[in-house]
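Undergrad:
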Ligand SMILES: Nc1ncnc2c1ncn2[C@@H]1O[C@H](COP(=O)(O)OP(=O)(O)O)[C@@H](O)[C@H]1O
Ligand SMILES: Nc1ncnc2c1ncn2[C@@H]1O[C@H](COP(=O)(O)OP(=O)(O)O)[C@@H](O)[C@H]1O
Ligand code: SF4
Ligand SMILES: [Mg+2]
Ligand SMILES: [Mg+2]
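Chains as they are written, first to last, in this note's numbering: chain A, 1 to 327; chain B, 1 to 327.
(1) With distances taken from CA atoms, which of A:238, A:223, A:131, A:216 is nearest residue 272 of chain B?
(2) Looking at the C-beta of residue 56 of chain A, does it have a partner C-beta in chain B at a distance below 8 Å?
(3) Between residue 326 of chain A and chain B, is any beta-carbon pair separated by less than 8 Å?
(4) Beta carbon of residue 62 of chain A, beta carbon of residue 12 of chain A: below 8 Å?
(5) Residues in its own chain within less than 7 Å of residue 152 of chain B by CB, not counting five upstream and five downstream?
(6) Taking DSSP as the reference, what is the three-state secondary structure of residue 135 of chain A?
(7) Are there 16 or more other CB atoms within 10 angstroms of the CB of residue 187 of chain B, so buried, or fewer, so exposed?
(8) In angstroms with no decimal places, state the Cα-to-Cα distance between residue 215 of chain A and residue 182 of chain A.
(9) For ligand 1, I want to know if residue 334 of chain A counts as a neighbour, meaning its beta carbon is within less than 7 Å of at least one of the ligand's heavy atoms.
(10) Kindly indicate which three-state DSSP category residue 124 of chain A falls into: helix, strand or coil?
(11) Beta carbon of residue 51 of chain B: closer than 7 Å to some heavy atom of ligand 2?
(12) Can you have a look at residue 22 of chain B and say buried or exposed, based on whether 16 or more other CB atoms are within 10 angstroms of its CB?
(13) Just by C-beta distance, which residues in the segment 100-113 of chain B are closer than 9 Å to chain C?
(14) Between which two residues does the beta strand (DSSP E) harbouring residue 8 of chain B extend?
(15) What did DSSP end up calling residue 70 of chain A once you bin it into helix, strand or coil?
(16) By the 10 Å Cβ neighbour count, where 16 or more other Cβ atoms means buried, how is residue 105 of chain B classified, buried or exposed?
(17) Let me check you understand the geometry: is the CB of residue 101 of chain A closer than 7 Å to at least one non-hydrogen atom of ligand 4?
(18) Note down, in chain order, all residues in the segment 177-206 of chain A with a beta-carbon under 8 Å from any beta-carbon belonging to chain B.
(19) State the start and end residues of the unbroken beta strand (DSSP E) segment that holds residue 316 of chain A.
(20) Once the 5 residues before and after residue 302 of chain A are set aside, which same chain residues still bring their CB inside 7 Å of it?
(21) When you compare only the Cα positions, how much space is there between residue 147 of chain B and residue 111 of chain A?
(22) Under 8 Å between C-beta atoms, does residue 199 of chain B make it to chain A?
(23) Would you mind telling me which residues of chain B sit closer than 8 Å to residue 257 of chain A, beta carbon to beta carbon, in chain order?
(24) If we ignore side chains and look at the alpha-carbon of each, how far apart do residue 72 of chain B and residue 90 of chain B end up?
(25) My understanding is that residue 247 of chain B touches residue 230 of chain B, with C-beta atoms under 8 Å, so please give their C-beta distance in whole angstroms.
(26) Within 8 Å of any Cβ in chain A, is that where the Cβ of residue 267 of chain B sits?
(27) What is the residue span of the beta strand (DSSP E) that residue 73 of chain B lies within?
(28) Beta-carbon separation of residue 184 of chain A and residue 93 of chain A under 8 Å?
(29) Would the segment 21-38 of chain A count as touching the segment 81-96 of chain A if we require 3 or more Cβ pairs under 8 Å?
(30) Could you tell me the distance, in whole angstroms, from the CA atom of residue 121 of chain A to the CA atom of residue 136 of chain A?
(31) At a cut-off of 7 Å, is residue 56 of chain A close to ligand 1 when judged by its beta-carbon and the heavy atoms of the ligand?
(32) Check whether the Cβ of residue 215 of chain A lies closer than 7 Å to any heavy atom of ligand 4, and answer yes or no.
(33) For residue 97 of chain A, which residues does DSSP report across the bridge?
(34) Is any heavy atom in ligand 1 found nearer than 7 Å to the beta carbon of residue 254 of chain A?
(35) Ordered along the chain, which non-local residues of its own chain (more than five positions away) have a Cβ less than 7 Å from that of residue 288 of chain B?
(36) Using the beta-carbon count (16 or more within 10 Å), is residue 106 of chain A buried or exposed?
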């Protein structure tokens, strides 16, 4: 088994007084692609922001939470305990980087792509323009763009797929080892989505990267992930290898997500979608947060929150698989 | 009166892109597209972003004037109507945009927003019923139910799916004869897409509407039934026409094949065999190839493809393809 790179433990995050993450824990190993999957609003971006320590002021992390990072295989540091100046000097962008959700429209429309690279470099004290352009050229070529032309372009002159490539290149600027990809293909159409996924796989080999891929689209992760964590209402509800998740899913929510993927040419069994609305953190139901939408829910599901237990081949939080059933 | 509710004939829409300082180069965002939608029927328009789908849809709603071509509503040119006829057409031709925020006033409550439209068009007099009943009725039909729960909410208090339902209600409260739904589910999670598509489908059937459903997610068209007509568009041209069944199970045009091959497959084994069929990515308006629009990316392109644009030709009953390989 590969050595660990990141261990998230008991991560609790509150916005004001509303608890959004509940004891989130997972481990990412060096060189793998870990996918975090769940419907919009379940807490995926919050998890990523906690790791990169860019949560908004109003957010609070629980006292028992820790995020261990194994830099160069050395003893782990708890990222949550590191002083901010150290974190921003040694970790953020240099070790751990992120391609932000929805950032396609966040590129400053008034400056050229080359200026975006200069700004990124300047924020890290690199001022030698020639050096910056050289690196930008390398990276833009690595993401399969015509570097000369793109450096001189404004964001509006680039298609969605091209902008996403630029954002990936920017995220790689300081040579990070671990990259969080937050919905990297969501705003793109299927063909561009495919191209970006192919590119991400290639970059991973080329630069020896580890990914955390965040998406609400479970079908996508079959193509790239090694392990998958399924999140519902701020909790990991099932976690296993990509094969177990797709060939032998056990949690009713995982099963429901997989069933909502339409199959080509199967007109008889069109997916129904998951009934009801995604959980609302301001009024979570008692018991298992998925119970109002779960076809398997029984009495205990309405009363007790199922704990995340280890079944050997997976972790799962569901009363159907709890060892001791209350009768 | 014609059987076609909407008939677009040989539509050309020309835009300009900046090609350097003070230079603007024209390109045809829609290039000779003809499409007819019969009374009570659904036509799917698919293709990746930038192919001209929205532009074409807007032409049929007279939100955009084409450079060339004609649009007939119930057999009569919309550019040659009496003001009475034109008013009738405008009420009868409605738009459901991709981004619900584009059509919704953020500062009007759900009930008020719908009431505004009902009042403006004097729907109570038209149907001889109480105006609030009209509002409640449409809310229930689009799934904002029970209406009391939503009527006093602001759009930002709705979830993504609910907001899209509101934008469907806005378009359909007028019981139009013709609706353009422009990627209404693109911004939604897979688990919610099915429900929205089914809502639109059921209302279309019930009201006997004619629908142009624009999407890059070809699998969603399956909800409209295997015999639904589909047009595949790329760089302003229709490259293939057929039924959903034909297009999904037996794609002919290389572009359609690529589009289908790009759909994520929820099976981890597939990752080792899947390929990207087309070279590069969609060219910018400045770099469109001459001859066939796909000739710079097509793996089958021959000399003639680079020289002459292929015409859309009937290859079998109900099946049209624009490709030199099949003519
Ligand atoms: N800055 C914030 N202030 C208050 N609530 C927030 C903030 N950011 C996110 N949330 C809430 O936290 C929950 C999880 O959000 P997020 O982590 O963005 O989910 P995801 O990335 O899975 O879509 C949502 O209910 C969202 O509304
Ligand atoms: N108002 C406009 N001015 C100039 N170019 C435009 C305008 N609207 C759209 N375009 C361009 O026309 C092409 C087709 O756009 P669009 O109809 O939005 O495609 P789709 O809906 O298939 O994504 C794109 O290259 C787009 O950038
Ligand atoms: S006409 Fe030629 S280039 Fe165009 S799609 Fe057909 S084979 Fe490919
Ligand atoms: Mg998110
Ligand atoms: Mg569009």
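Every residue, glycine too, gets a C-beta built ideally from N, C-alpha and C. None of the values given here were measured: they were computed from a predicted structure.
TA: Looking at the coordinates:
(1) Residue numbering aside, residue 272 of chain B sits at position 272 when the second chain is read from its first letter. Comparing C-alpha distances from residue 272 of chain B to each of A:238, A:223, A:131, A:216 shows the shortest one belongs to A:223.
(2) Locating residue 56 of chain A in the first chain gives position 56, counting from the first residue. With 8 Å as the cut-off, residue 56 of chain A does not count as an interface residue toward chain B.
(3) Along the first chain, read from residue 1 onward, the residue named residue 326 of chain A stands at position 326. Caution applies to residue 326 of chain A, whose pLDDT of 45 falls short of 50 and renders its modelled position unreliable; the model cannot decide the point.
(4) Taking the first residue of the first chain as position 1, residue 62 of chain A is located at position 62. Taking the first residue of the first chain as position 1, residue 12 of chain A is located at position 12. Taking 8 Å as the Cβ cut-off, residue 62 of chain A and residue 12 of chain A qualify as a contacting pair.
(5) Indexing the second chain from 1 puts residue 152 of chain B at position 152. Here the set comprises 109, 111.
(6) Position 135 of the first chain, counted from the start, is the residue given in the question as residue 135 of chain A. Residue state, collapsed to three classes: helix.
(7) Sequence index remark: in the second chain, residue 187 of chain B carries index 187 (1-based). Under a 10 Å Cβ-count criterion, residue 187 of chain B is classified as buried, with 16 or more other Cβ atoms of the shown protein chains found around its own Cβ.
(8) Within the first chain, numbered from 1, the residue matching residue 215 of chain A stands at position 215. Within the first chain, numbered from 1, the residue matching residue 182 of chain A stands at position 182. Distance between residue 215 of chain A and residue 182 of chain A, taken at the CA atoms: about 7 Å.
(9) Any property of residue 334 of chain A remains undetermined from this structure, which presents chain A solely from 1 to 327.
(10) Taking the first chain and counting its residues from 1, one reaches residue 124 of chain A at position 124. Residue 124 of chain A falls in the coil class under three-state DSSP.
(11) Position 51 of the second chain, counting from 1, holds the residue named residue 51 of chain B. If you check the C-beta of residue 51 of chain B against ligand 2, you find a heavy atom less than 7 Å away.
(12) As a first step, residue 22 of chain B must be located in the second chain, where it is residue number 22. Burial call: exposed.
(13) As a matter of chain content, chain C is missing from the structure shown, whose protein chains are A and B.
(14) For this step, residue 8 of chain B is matched to residue 8 along the second chain. 4-18 is the extent of the beta strand (DSSP E) around residue 8 of chain B.
(15) Taking the first residue of the first chain as 1, we reach residue 70 of chain A at position 70. In the structure shown, residue 70 of chain A adopts coil according to DSSP, grouped into three states.
(16) By one-based count along the second chain, residue 105 of chain B stands at place 105. Exposed: under 16 other Cβ atoms inside 10 Å.
(17) Within the first chain, numbered from 1, the residue matching residue 101 of chain A stands at position 101. Within the cutoff, so yes.
(18) Taking 8 Å as the Cβ-Cβ cut-off against chain B, the residues of the segment 177-206 of chain A that qualify are 188, 189, 190, 191, 192, 193, 194, 195, 198.
(19) Start at 1 with the first residue of the first chain, and residue 316 of chain A comes out as number 316. Counting along the chain, the beta strand (DSSP E) containing residue 316 of chain A begins and ends at 314-316.
(20) Sequence index remark: in the first chain, residue 302 of chain A carries index 302 (1-based). Cβ within range, chain order: 286, 287, 291.
(21) By 1-based counting over the second chain, the position of residue 147 of chain B is 147. By 1-based counting over the first chain, the position of residue 111 of chain A is 111. Between residue 147 of chain B and residue 111 of chain A, the C-alpha separation is close to 47 Å.
(22) For the purposes of this step, residue 199 of chain B is identified with residue 199 of the second chain, where counting begins at 1. Chain A, which has no Cβ nearer than 8 Å to the Cβ of residue 199 of chain B, makes this no.
(23) On the first chain, position 257 is the one that residue 257 of chain A refers to. Ordered by position in chain B, the residues that pass the 8 Å Cβ test against residue 257 of chain A are 190, 191.
(24) For the purposes of this step, residue 72 of chain B is identified with residue 72 of the second chain, where counting begins at 1. For the purposes of this step, residue 90 of chain B is identified with residue 90 of the second chain, where counting begins at 1. If I take the Cα positions, the gap works out to 13 Å.
(25) What you label residue 247 of chain B is simply residue 247 of the second chain in a count that begins at 1. What you label residue 230 of chain B is simply residue 230 of the second chain in a count that begins at 1. Residue 247 of chain B to residue 230 of chain B, Cβ: 5 Å. Contact.
(26) Locating residue 267 of chain B in the second chain gives position 267, where the first residue counts as 1. For residue 267 of chain B, a Cβ of chain A is located within less than 8 Å of the residue's own Cβ.
(27) Taking the second chain and counting its residues from 1, one reaches residue 73 of chain B at position 73. Start and end: 68-73.
(28) Counted from its first residue, the first chain places residue 184 of chain A at position 184. Counted from its first residue, the first chain places residue 93 of chain A at position 93. No, the pair does not count as a contact, with Cβ atoms beyond the cut-off.
(29) Because the criterion of three Cβ pairs below 8 Å is not met, the segment 21-38 of chain A and the segment 81-96 of chain A do not touch.
(30) The residue you call residue 121 of chain A lines up with position 121 of the first chain. The residue you call residue 136 of chain A lines up with position 136 of the first chain. One C-alpha to the other measures close to 10 Å.
(31) Sequence index remark: in the first chain, residue 56 of chain A carries index 56 (1-based). At least one heavy atom of ligand 1 falls within 7 Å of the beta-carbon of residue 56 of chain A.
(32) As a first step, residue 215 of chain A is located in the first chain; it is residue number 215 there, counting from the start. No, ligand 4 has no heavy atom inside 7 Å of this Cβ.
(33) Position 97 of the first chain, counted from the start, is the residue given in the question as residue 97 of chain A. DSSP output for residue 97 of chain A lists A:179 as bridge partner(s).
(34) As a position in the first chain, residue 254 of chain A is number 254, starting the count at 1. The beta carbon of residue 254 of chain A sits no closer than 7 Å to any heavy atom of ligand 1.
(35) Translated into positions along the second chain, residue 288 of chain B becomes position 288. Counting only residues of its own chain and dropping the five nearest sequence neighbours on each side, residue 288 of chain B has a CB closer than 7 Å to the CB of 27, 235.
(36) Locating residue 106 of chain A in the first chain gives position 106, counting from the first residue. With a 10 Å radius around the Cβ and a threshold of 16 neighbouring Cβ atoms, residue 106 of chain A comes out exposed.
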